[in-house]
Amino acid sequence: MREQLNQTMVVGGTGMVSGKPDLVSIQLGITTHAAQLSDALTDNSDRSQSVIDQLTALGVSREDIQTSLFNVSPQYDYIDGQQHFREYEVHHQLKVTVRDIQDVGEIIDAAVRAGATEVSSIQFSIDNSSELYEEALTKAVRNAQSHALALAQAAEVVLNHVPVHIQETTQPQAMPFTVQAMKMSKAPPIESGVLEVVANVMITYSYR
Numbered sequence: 730m731r732e733q734l735n736q737t738m739v740v741g742g743t744g745m746v747s748g749k750p751d752l753v754s755i756q757l758g759i760t761t762h763a764a765q766l767s768d769a770l771t772d773n774s775d776r777s778q779s780v781i782d783q784l785t786a787l788g789v790s791r792e793d794i795q796t797s798l799f800n801v802s803p804q805y806d807y808i809d810g811q812q813h814f815r816e817y818e819v820h821h822q823l824k825v826t827v828r829d830i831q832d833v834g835e836i837i838d839a840a841v842r843a844g845a846t847e848v849s850s851i852q853f854s855i856d857n858s859s860e861l862y863e864e865a866l867t868k869a870v871r872n873a874q875s876h877a878l879a880l881a882q883a884a885e886v887v888l889n890h891v892p893v894h895i896q897e898t899t900q901p902q903a904m905p906f907t908v909q910a911m912k913m914s915k916a917p918p919i920e921s922g923v924l925e926v927v928a929n930v931m932i933t934y935s936y937r
């Protein structure tokens, strides 16, 4: 009898809640080329400043514009197996956080017109998803309970409804919606859609 009372089962549960994004992260690239490094750097600096000025003019805070990558690399041609210097390439990447998603299309278009040569990522997210996550977590626990009851009925055993152990298997986050684009001459229409906040749990129940 004591062995029967100690029998356990482990079940998983998943909960999902939809939410409207209210934050957008954009990666903008400014790439310049020149035979002289000083010229490539100057051109890149001018273009980058122009992009930043356009963004701030549209209401983006300077604190929401950050350099995420800056790279200088010589470019070579290979002729008859020989390496020949061609030019310098300077790449400056800016991470821009937009807090009014209605402005995303306008901001991207302005950045491209100001000198941005690439838009490598547009990622929508939810600034504070904790409440949605808690709702998803509740659904995940109920989902696991449903699984446990179904297993107990199928196995013809009596389930103890008080869990022995509960473990979260994900961190609170919204599944990102990402748009990839490169070498844009004009920004396309951007739709934010909805995001899914997902929670997963593993619950151990005892049965007899």
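730 is the number of the first residue of the sequence shown in my numbering; add one for each residue after it.
We put the beta carbon where it would ideally sit given N, CA and C, even for glycine.
Tell me which residue opens and which closes the beta strand (DSSP E) that Lys824 is part of. The residue labelled residue 824 in the question sits at position 95 within the sequence shown. Bounds of the beta strand (DSSP E) holding Lys824 are Gln811 to Val827.
Between the C-alpha atoms of His821 and Phe814, what's the straight-line distance to the nearest angstrom? As a first step, residue 821 must be located in the sequence shown, where it is residue number 92. As a first step, residue 814 must be located in the sequence shown, where it is residue number 85. Taking the straight line from one Cα to the other gives about 21 Å.
Cβ shell of Thr933 (< 6 Å), same chain only, five flanking positions each side left out: Start at 1 with the first residue of the sequence shown, and residue 933 comes out as number 204. Here the set comprises Thr737, Val739, Val893 and His894.
In three-state terms, what does DSSP make of Leu762? Counting from 1 along the sequence shown, the entry for residue 762 is found at position 33. This sequence places His at residue 762; Leu is not what is there. Three-state result, His762: strand.
Buried or exposed by the 16-neighbour rule on C-beta atoms within 10 Å, applied to Tyr805: The count along the sequence shown starts at 1 and reaches residue 805 at position 76. The residue in question, Tyr805, is exposed, as its Cβ has fewer than 16 Cβ neighbours within 10 Å.
Just to confirm the assignment, what range does the alpha helix (DSSP H) spanning Asp838 have? Within the sequence shown, numbered from 1, the residue matching residue 838 stands at position 109. Residues Val833 to Ala843.
For Asn857, report the span of its alpha helix (DSSP H) as first-last. Indexing the sequence shown from 1 puts residue 857 at position 128. Per DSSP, Asn857 is not a residue of any alpha helix (DSSP H), being assigned neither H nor E.
Helix, strand or coil for His894 per DSSP? If you number the sequence shown from 1, residue 894 lands on position 165. Strand at His894.
State the Cα-Cα distance for the pair Ile830 and Leu752, rounded to the nearest angstrom. For the purposes of this step, residue 830 is taken as residue 101 along the sequence shown, with counting starting at 1. For the purposes of this step, residue 752 is taken as residue 23 along the sequence shown, with counting starting at 1. Take the alpha-carbon of Ile830 and the one of Leu752: they are about 6 Å apart.
I need the straight-line Cα distance from Asp986 to Ile759, nearest angstrom please. Within the shown structure, residues of the chain are numbered from 730 to 937, placing residue 986 beyond reach of any answer.
Based on Cα-Cα distance, which residue from Glu885, Thr867 and Ser875 lies nearest to Asn929? Locating residue 929 in the sequence shown gives position 200, counting from the first residue. Among Glu885, Thr867 and Ser875, the Cα nearest to that of Asn929 is on Thr867.
Assuming Ser854 contacts Leu924 (C-beta within less than 8 Å), just tell me the rounded distance between them. Here residue 854 corresponds to residue number 125 of the sequence shown, with the count starting at 1. Here residue 924 corresponds to residue number 195 of the sequence shown, with the count starting at 1. Their Cβ separation, rounded to whole angstroms, is 7 Å, which keeps Ser854 and Leu924 in contact under 8 Å.
Contact under 9 Å by Cβ, Leu823 with Ile851: Within the sequence shown, numbered from 1, the residue matching residue 823 stands at position 94. Within the sequence shown, numbered from 1, the residue matching residue 851 stands at position 122. Taking 9 Å as the cut-off, the Cβ atoms of Leu823 and Ile851 do not count as close.
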